[in-house]
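Quick note: the sequence shown uses the UniProt record's numbering, first residue 1, plus one each step.
First up is the structure itself, then whatever we jot down about it.
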Amino acid sequence: MSFVLFNRIVSCPWPSKSRTYFLFFLVLFTHLLQYADAQDAIYDANGEEINVEAYFSKAEENIALGDIKEATRYINAVAEGYWNKKDYYKAIEYYIRSIKLNSEIGNESGIGAISCNLGMIHADLQDYETSLKYFNTAISIRKKLKETNGLISAHINASVVLNKLERYAESIENLEDALLLATENSDADQMKSCYGMLAETYEKQGDGEKMIAYYNLYRTFHELVERSKRQDVLEKAREAELKAQNLASQKRIKELELINAQQKLAEQKKLLTQKDTVYNQLMLEHSKSELANALINNYLQLKDLKISQSTEKLKREEIFVRVLSILVLTVLTLLLLLFYFHQQKRKSNKVLSKQNAEINRQHHEILEQQKELERYYNIISLRNEHITSSINYAKLIQQAVLGKKSDISALFKDAFIFFRPKDIVSGDFYWFKKVNGYAMLAVADCTGHGVPGALMSMLGINLINQITNSGIHEVDAILEQLSIGVNKALNENVNMVSSDGMDISLLCIDEKNKQMYFSGAKHNLYYIQDKKLKVLKGDRCSIGSYGASHFKTKRFTKYQVDISLPTSIYAFSDGIVDQFNESDDKKFMRSRLRSLLLRIYTKTGAEQKALISKTFNDWKGRQTQTDDVLLIGVNWQPIHEVMM
Numbered sequence: 001m002s003f004v005l006f007n008r009i010v011s012c013p014w015p016s017k018s019r020t021y022f023l024f025f026l027v028l029f030t031h032l033l034q035y036a037d038a039q040d041a042i043y044d045a046n047g048e049e050i051n052v053e054a055y056f057s058k059a060e061e062n063i064a065l066g067d068i069k070e071a072t073r074y075i076n077a078v079a080e081g082y083w084n085k086k087d088y089y090k091a092i093e094y095y096i097r098s099i100k101l102n103s104e105i106g107n108e109s110g111i112g113a114i115s116c117n118l119g120m121i122h123a124d125l126q127d128y129e130t131s132l133k134y135f136n137t138a139i140s141i142r143k144k145l146k147e148t149n150g151l152i153s154a155h156i157n158a159s160v161v162l163n164k165l166e167r168y169a170e171s172i173e174n175l176e177d178a179l180l181l182a183t184e185n186s187d188a189d190q191m192k193s194c195y196g197m198l199a200e201t202y203e204k205q206g207d208g209e210k211m212i213a214y215y216n217l218y219r220t221f222h223e224l225v226e227r228s229k230r231q232d233v234l235e236k237a238r239e240a241e242l243k244a245q246n247l248a249s250q251k252r253i254k255e256l257e258l259i260n261a262q263q264k265l266a267e268q269k270k271l272l273t274q275k276d277t278v279y280n281q282l283m284l285e286h287s288k289s290e291l292a293n294a295l296i297n298n299y300l301q302l303k304d305l306k307i308s309q310s311t312e313k314l315k316r317e318e319i320f321v322r323v324l325s326i327l328v329l330t331v332l333t334l335l336l337l338l339f340y341f342h343q344q345k346r347k348s349n350k351v352l353s354k355q356n357a358e359i360n361r362q363h364h365e366i367l368e369q370q371k372e373l374e375r376y377y378n379i380i381s382l383r384n385e386h387i388t389s390s391i392n393y394a395k396l397i398q399q400a401v402l403g404k405k406s407d408i409s410a411l412f413k414d415a416f417i418f419f420r421p422k423d424i425v426s427g428d429f430y431w432f433k434k435v436n437g438y439a440m441l442a443v444a445d446c447t448g449h450g451v452p453g454a455l456m457s458m459l460g461i462n463l464i465n466q467i468t469n470s471g472i473h474e475v476d477a478i479l480e481q482l483s484i485g486v487n488k489a490l491n492e493n494v495n496m497v498s499s500d501g502m503d504i505s506l507l508c509i510d511e512k513n514k515q516m517y518f519s520g521a522k523h524n525l526y527y528i529q530d531k532k533l534k535v536l537k538g539d540r541c542s543i544g545s546y547g548a549s550h551f552k553t554k555r556f557t558k559y560q561v562d563i564s565l566p567t568s569i570y571a572f573s574d575g576i577v578d579q580f581n582e583s584d585d586k587k588f589m590r591s592r593l594r595s596l597l598l599r600i601y602t603k604t605g606a607e608q609k610a611l612i613s614k615t616f617n618d619w620k621g622r623q624t625q626t627d628d629v630l631l632i633g634v635n636w637q638p639i640h641e642v643m644m
C-alpha cells in the first residue's frame with residue numbers, strides 16, 4: 001500500500017473507533033510484511049543489508065566493461081552475506097563462481113583468499129577432508145606469492161582441521177612451518193598462536209613433555225603480547241589527549257573570531273534599523289489596503305471549497321467502506337494464521353524448554369567434571385615437572401659416569417659411539433678403560449629402559465670398575481664376578497632365578513701380542529677381517545639371571561681372535577636390530593645390520609657413525625623408537641714392529 005493511498009484513507013471522515021481498529025490492523029499487517037522481508041535479507045560484515053539482485057547487476061555491468069576483478073568484489077560480498085547468515089551452501093555456490101572469474105584473469109591472490117574462506121565454511125559443516133583440500137590450495141598459492149601473513153593463517157587453519165581428523169603429525173608439521181614464518185616475521189601474536197596450538201596438538205597426541213614445553217612458551221608469548229597491547233593503548237590515549245587539547249584550542253580561537261564578527265554585525269544592524277524606520281511607516285498604510293482585499297478573496301475561495309468537499313464526501317465514504325471490508329477480511333485471515341503458528345510455537349517451546357533444561361543440567365555436570373579434571377591435571381603437571389627435573393639431573397649424572405664419547409679416541413685411534421637413548425636416561429651403557437696395559441671395552445643392555453634401566457646401568461658400571469681395580473682382567477672372569485655382584489646388590493636368593501640383570505659384550509685387546517679376547521652374556525660380537533664378517537656368539541644367559549649354583553657347572557665362554565690383520569670390531573645392544581620401520585612395521589634385524597657394516601667398514605669411524613645414524617633415521621621414520629640404541633665400532637690397525 002503506497003504512502004499516498006494511506007494518507008487518503010486516513011483523511012476520510014469515519015467514526016473514531018473504526019479509525020482506531022483500521023490503524024491497528026494496518027500497522028500489524030505492515031510489521032508482518034517487514035518481518036517476512038527480514039527473514040530473506042542478508043547483511044555484510046558491517047551489518048549493512050545486501051541487495052543480491054543489485055549486486056549481481058553491478059557484477060554483470062563490470063564484466064561487460066572488462067573489469068572482472070571489480071565484478072568478483074560484488075559476488076564475494078554476496079557470498080560473505082550468506083556466510084554471515086550461516087547459509088553455508090549458498091555461500092559456497094557464490095564463492096565458487098568468484099573463483100572461476102578470478103581464474104579467468106589469473107588473480108591467484110584472490111583465489112588463495114577465497115580458498116581459505118571455503119576451507120573455514122567446510123570446517124563449519126564438519127566436512128574436514130574438503131576443508132583440508134581448500135586450505136592446502138591456499139597454502140600452495142600463498143607460498144608461491146610469498147604472502148607471509150596469509151600463509152601463516154592458512155597453516156594454522158589447516159592444523160585445526162588435521163586435529164579434527166586426528167592426523168596429529170601432519171598438524172604439527174603445519175604448525176612448525178607457521179612458527180618458522182612467524183619467527184622470521186617477528187610476529188609475536190602469531191608465534192603465541194602457534195605455541196598454543198602445538199601444546200594442544202601434543203596433548204591430543206599423548207606427548208605430555210612437549211605439551212608442557214610448548215604451553216610454557218605460549219604463556220610467555222601471551223604475556224609479551226598483552227604487555228605490547230597495553231603499551232599501544234597508552235600511546236593511543238596520549239595521542240588522543242594531545243588531539244583533544246589541539247581541538248579545544250582551535251575551538252576557542254573560532255569562538256573568539258565569532259564573537260568579534262557578532263559585534264561587527266550588531267553595529268551594522270543598528271545603522272540599518274535607523275534607515276528602515278521611515279520606510280516602514282510608509283509601507284504600513286499600503287499593507288492595510290492589500291490585507292483587506294486578500295481577506296475578501298480568501299472568503300470566496302473557502303466558500304467554493306466547502307461546496308466541492310460536500311460533493312466528494314459521499315464518494316470517499318463509499319471507497320472507505322470497500323477498502324475497510326477488504327482489510328478487515330485480510331487481517332482476520334492473518335490473525336487466524338498467526339494464532340495457529342503461535343500454538344505450534346508454544347508446543348515446540350515446551351519441548352525445547354525441557355531439552356534446554358536437560359542440556360543445562362548436563363552442561364553444569366560437564367563444567368564440574370572439567371574443573372575436577374583441571375585440578376587433577378594441574379597436580380599431575382606439577383608432579384610431572386618435578387619428576388622430569390629429577391630425571392634430567394639423573395641424565396647429567398649418568399653422562400658424567402659414562403664419560404665423554406670423544407674420550408674413546410684416547411684408547412682406540414679410530415672408533416665411534418652411536419648412542420640413542422629411548423628416554424631421557426638410558427638402560428644401555430658403555431664402558432672403556434685401560435687395565436694392566438690392555439684396552440678393554442664393554443657394551444651392556446640392562447633390564448628395561450628409562451629410570452629402572454638407568455639405575456641398573458649405574459650399578460653395572462660401578463661393579464665393573466670394582467672388579468677391574470681388584471686386578472681381574474680376564475673377560476670371562478670379569479663377567480662371572482659381575483653376575484655375582486649384581487645378585488648380591490639386588491639381594492637375590494641364590495637358589496632362585498632373577499628377572500633383573502643385564503646383557504653385555506666385553507672385549508679386551510692385547511695390542512702388544514695382537515690378540516683380542518671376548519666374552520658375552522646374550523650379546524654377540526661382529527668383526528670384519530679380509531672383507532669377511534665373522535660372529536662371536538655370547539652365552540645364552542644374562543648377568544644376574546641365575547643363582548650361585550650355576551658357577552659349579554658352567555662358566556662364560558672366552559674367545560681369542562688374532563688381530564694381526566686390520567680388523568673392524570662392532571659391539572651393540574639389541575635396540576638397533578629390534579627397531580620397527582614406519583611403512584610395514586618390520587624389524588631392522590641382524591641380517592640388515594651385517595649388510596650395512598659390510599658396506600661401510602672401510603670408512604673412518606666418524607663416517608661410519610654418520611651413515612649408521614642416517615640409515616637408522618630413514619628406517620624408523622615417524623615410528624616410535626622401540627628401545628635404547630647403542631653401537632660401538634673400532635677400526636683396529638695393528639702396529640708392526642720394525643726389525644733392526
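The C-beta atom is built at its ideal place from N, Cα and C for all residues, glycine as well.
Problem set entry | Inter-stretch contact at 8 Å, needing at least 3 Cβ pairs: the region 428-447 / the region 503-512 | yes
Exercise. When DSSP builds the beta bridges, which residues end up paired with Ile-632?
Worked result: Ile-417, Ala-571
Exercise. According to the Cβ coordinates, are His-523 and Ile-504 closer than 8 Å?
Worked result: yes
Exercise. Beta carbon of Ile-600, beta carbon of Leu-611: below 8 Å?
Worked result: yes
Exercise. For Ser-325, does the three-state DSSP call read helix, strand or coil?
Worked result: helix
For this session: Apply the 10 Å Cβ neighbour rule to Val-494 and answer buried if 16 or more other Cβ atoms are within range, or exposed otherwise.
Result: Because the pLDDT of Val-494 is 47, which lies under 50, any placement of that residue in the model is unreliable, and the number read from its coordinates should be weighed accordingly. It is exposed - the Cβ of Val-494 has fewer than 16 other Cβ atoms within 10 Å.
Problem set entry | Whether Tyr-195 touches Phe-221 by CB criterion (8 Å) | yes
For this session: Please name the residue or residues paired with Glu-511 in a DSSP beta bridge.
Result: Partner(s): none; Glu-511 has no beta bridge.
For this session: Would you list, in sequence order, the uninterrupted beta strand (DSSP E) runs of no fewer than 3 residues that lie entirely inside the UniProt domain "Anaphase-promoting complex subunit 5" (150-195)?
Result: none
For this session: Report the three-state DSSP secondary structure of Ile-639 (helix, strand or coil).
Result: coil
Exercise. Cβ atoms of Gly-538 and Ser-483: under 8 Å apart, would you say?
Worked result: no
Exercise. Given Gln-560, which residues of its chain have a CB within under 7 Å of its CB, disregarding the five upstream and five downstream residues?
Worked result: Gln-515, Tyr-517
Exercise. Mind checking whether His-155 and Ile-139 have CB atoms under 8 Å apart?
Worked result: yes
Exercise. What separation, rounded to the nearest whole angstrom, lies between the Cα atoms of Thr-624 and Asn-581?
Worked result: 9 Å
Exercise. Between which two residues does the beta strand (DSSP E) harbouring Ala-439 extend?
Worked result: 438-446
Exercise. Taking Asp-628 as the reference, which of Glu-358, Val-451, Lys-603 has the closest Cα?
Worked result: Val-451
Problem set entry | Nonlocal neighbours in the same chain, by C-beta distance under 7 Å from Glu-104, ignoring five residues either side | Ile-68
Exercise. Since Leu-631 and Phe-572 are thought to touch, with beta carbons under 8 Å apart, how far apart are those beta carbons, to the nearest angstrom?
Worked result: 4 Å
For this session: Determine contact between the region 199-214 and the region 171-184, defined as no fewer than three beta-carbon pairs at a distance below 8 Å.
Result: yes
Exercise. So, using beta-carbon positions, are Trp-431 and Ile-464 closer together than 8 Å?
Worked result: yes
Exercise. First and last residue of the beta strand (DSSP E) that includes Ile-528?
Worked result: 525-529
For this session: Reducing DSSP to helix, strand and coil, say where Ser-57 ends up.
Result: helix
Problem set entry | Simplified DSSP assignment, three categories, for Ile-50 | strand
Exercise. Roughly how many angstroms separate the alpha carbons of Gln-637 and Lys-558, rounded to a whole number?
Worked result: 23 Å
For this session: Throw me the rounded Cβ distance for the Phe-429 and Gly-633 pair, which I believe falls under 8 Å.
Result: Going by Cβ atoms, the distance from Phe-429 to Gly-633 rounds to 17 Å, so no, they are not a contact pair.
Problem set entry | Cβ-based burial, Lys-586 [other Cβ within 10 Å; buried from 16] | exposed
For this session: Identify the continuous beta strand (DSSP E) that holds Val-535 and give its terminal residues.
Result: 532-536
Exercise. For Asn-51, which option in Ile-141, Ile-63, Glu-70, Tyr-74 has the closest C-alpha, if you only look at C-alpha atoms?
Worked result: Tyr-74
For this session: Keeping to the same chain, check which residues put their C-beta closer than 7 Å to that of Ala-59; ignore five residues upstream and five downstream.
Result: Ala-71, Tyr-74, Ile-75
Exercise. Where does Ile-92 land, buried or exposed, given buried means 16+ other C-beta within 10 angstroms?
Worked result: buried
Exercise. Would you say Gly-570 and Leu-597 are within 8 Å of each other, going by their C-beta atoms?
Worked result: Before going on, a small fix: residue 570 reads as Tyr here, not Gly. Yes.
Exercise. According to DSSP, what are the bridge partners of Trp-431?
Worked result: Ala-442
For this session: Examine the Cβ distances between the region 100-116 and the region 143-151 and report whether three or more of them are shorter than 8 Å.
Result: yes
For this session: Look up residue 653 in the DSSP assignment and say whether it is helix, strand or coil.
Result: Past the boundaries of the shown model lies residue 653; the chain is included only from 1 to 644, so the question cannot be answered.
Exercise. Which full runs of the alpha helix (DSSP H) of 4+ residues lie inside the region 84-149, going along the chain?
Worked result: 88-105, 108-124, 128-145
Exercise. Start and end of the beta strand (DSSP E) containing Asp-407?
Worked result: Counting along the chain, Asp-407 falls outside any beta strand (DSSP E), and DSSP gives it neither H nor E.
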